[in-house]
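Data block below; observations after.
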Amino acid sequence: MGVVGLVLSAVLISTAFFHWHLRAPGPLLTPRFPLREFFSDLPGHLPWLIPFLLLSASIIPLRAIQWQRTLQKPVPFAERYHLVAIGAFTHNALPGKLGDFIRSFLMSRTQRLPFLQCLGSVAVCKLLEFTALMGLVALSFLGPFAETMVHFEKALKVAVSLCIGLVALVVLLAHYAQPLAQGLHRRHRLPRVQNLLQHVADGLGTARSFRGMAVALVFSVGPVLAPALAYGLALQGLKIPGGVFAGAVVLGAIALGQSLPGVPAGMGIYYFVTSWAARSLGASEADAAAFSTLTHLGTVLSQASVGAFSVHRRKLRLKDLRRGGSLAREATQHVAHEAVEPVAP
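Heads up, the sequence shown is in the working numbering, so the first residue is 3 and it goes up one at a time.
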């Protein structure tokens, strides 16, 4: 699977720089633009890259503020900030995309909270960020790209429907997982399902309160608005009129593209989606490729460097992060496995 992911990523990344000719006679690949000129022109994008870096780095403190709204007990801001930053470092600098697992794992260790409760609080944060993002994308239809956005209308309707369904599912699970677990316990049935439902109830505690979810949603706007503005300023820097209003659209396309199940090519999807979106909004092929390249490098550099400071402050080593992330993932899989494993007579 790893080899397939690498090959698929390489193919998708190449679409930002080359045309593929699968059926036509002649060369299989042709450059979209002169590559030497492309690399020599990259420094000219610094005016928009610098604010992009700053806005990308600001996601970490904004997520630290948001996280408190889904945690079951007060945690000092400094603690939340460092754990989010360490998770961002793990996500961007180490393979496996274990950032959310590692920040949940460290929170459970430092604050003596159940691991799945911490992981559930992060899952609620992610769901509310997705909800806020869909709202921003919907608002983009009122901007200067309203005619262009018509092409995305069907996809947006599907995404909004999915978002509403997920929110409803989380709220229902938060309200009824524990009563279901207690009912099974009274009947002495399905002990492993009882265990899973109890963990789900603990992890989604915030979602039991509609007011709590609404407040958490408000605090979820910041971690979405910052990258949306970052991508919008980047598009504006490419001389796309009104490009600042389209940042949420690009961010939404990235989120939907990278959420495809079973596709092990996150980086490739990023380059494919961002270059295609930039070209669709009016950027030249060279500028679209620069947009993909620099926003990807800018995101990794800003969040990994900010996270590296927190890793250093906490005196963590890379092998500690790998081991912690693996333990966290194994703990989650163990609970899920217990729920489906048949009960011995």
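Backbone N, C-alpha and C fix where the C-beta goes; we use that ideal spot for every residue, glycine too. Keep in mind that this is a model prediction, so the values were computed, not measured.
- Around the beta-carbon of His-84, 16 or more other beta-carbon atoms lie within 10 Å, marking it buried.
- Gly-270 sits buried, since 16 or more C-beta atoms from the chains shown fall within 10 Å of its C-beta.
- Residue pairing for His-21: DSSP places it in a beta bridge opposite Thr-32.
- Taken through DSSP and simplified to helix, strand or coil, Lys-128 comes out as helix.
- The beta carbon of Thr-276 sits closer than 7 Å to those of Val-252, Ile-256, Phe-293, Ser-294, Thr-297, all from its chain and outside the five residues before and after it, given in chain order.
- Ala-279 and Gly-254 have their C-alpha atoms some 11 Å from each other.
- Distances from the alpha-carbon of Glu-131 to those of Leu-73, Gln-68, Leu-283 put Gln-68 closest.
- The three-state reading of DSSP puts Phe-143 in coil, since its state is none of H, G, I, E or B.
- Take Leu-57, set aside five residues on each side of it, and the residues of its chain with a beta-carbon closer than 7 Å to its own are Ala-228, Pro-229, Leu-231, Ala-232, in chain order.
- Distance from the CA of Leu-175 to the CA of Val-169, rounded to the nearest whole angstrom, comes to 10 Å.
- Residues of the same chain with a CB within less than 6 Å of the CB of Ala-18, apart from the 5 flanking positions on each side, are Tyr-273, Ser-277, Ala-291, Ser-294 in chain order.
- Judged by beta-carbon spacing, Ser-312 lies beyond the 8 Å limit of Leu-55, meaning their Cβ atoms are not closer than that value.
- Taking the C-beta atoms as reference points, Leu-320 is found no nearer than 8 Å to Leu-135.
- The segment 91–123 is shown to contain whole alpha helix (DSSP H) runs of 4 or more residues at 101–113, in chain order.
- Taking Leu-141 as reference, the option from Val-246, Arg-315, Gly-268, Ala-306 with the minimal CA-CA separation is Val-246.
- Around Ser-60, the same chain offers Ala-228 as residues with beta carbons nearer than 8 Å, after the five sequence neighbours per side are excluded.
- Remark: C-beta atoms of Ala-80 and Gly-309 do not approach each other more closely than 8 Å.
- Across the structure, Cys-120 and Leu-73 are spaced so that their CA atoms are roughly 7 Å apart.
- Contact between Phe-117 and Ser-123 is ruled out by a C-beta separation of about 11 Å, above the 8 Å threshold.
- CA-to-CA, the gap between Val-223 and Leu-138 works out to about 9 Å.
- Closest in alpha carbon position to Ser-211, among Trp-22, Pro-78, Leu-237, Val-172, is Val-172.
- Lys-317 sits in coil when the DSSP states are folded into three classes, being neither helix nor strand.
- Between the C-alpha atoms of Leu-182 and Arg-188 there is a straight-line separation of about 10 Å.
- Contact between Trp-50 and Ala-236 holds: their C-beta atoms lie close to 5 Å from each other, under 8 Å.
- Here the C-alpha atom of Gln-113 lies approximately 32 Å from the C-alpha atom of Gly-167.
- Burial is judged here by how many other beta carbons sit within 10 angstroms of a residue's own beta carbon; Gly-101 has at least 16 and is buried.
- Rounded to whole angstroms, Leu-283 and Ala-248 show a C-alpha spacing of 8 Å.
- Using a Cβ distance threshold of 8 Å, His-21 and Arg-34 count as a contacting pair.
- Counting the other Cβ atoms within 10 Å of the Cβ of Ser-42 gives fewer than 16, which makes it exposed.
- If you ignore the 5 residues before and after Val-77, its C-beta comes within less than 7 Å of the C-beta of Gln-70, Gln-113, all in its own chain and listed in chain order.
- Collapsing the DSSP output to three states places Gln-180 in a helix.
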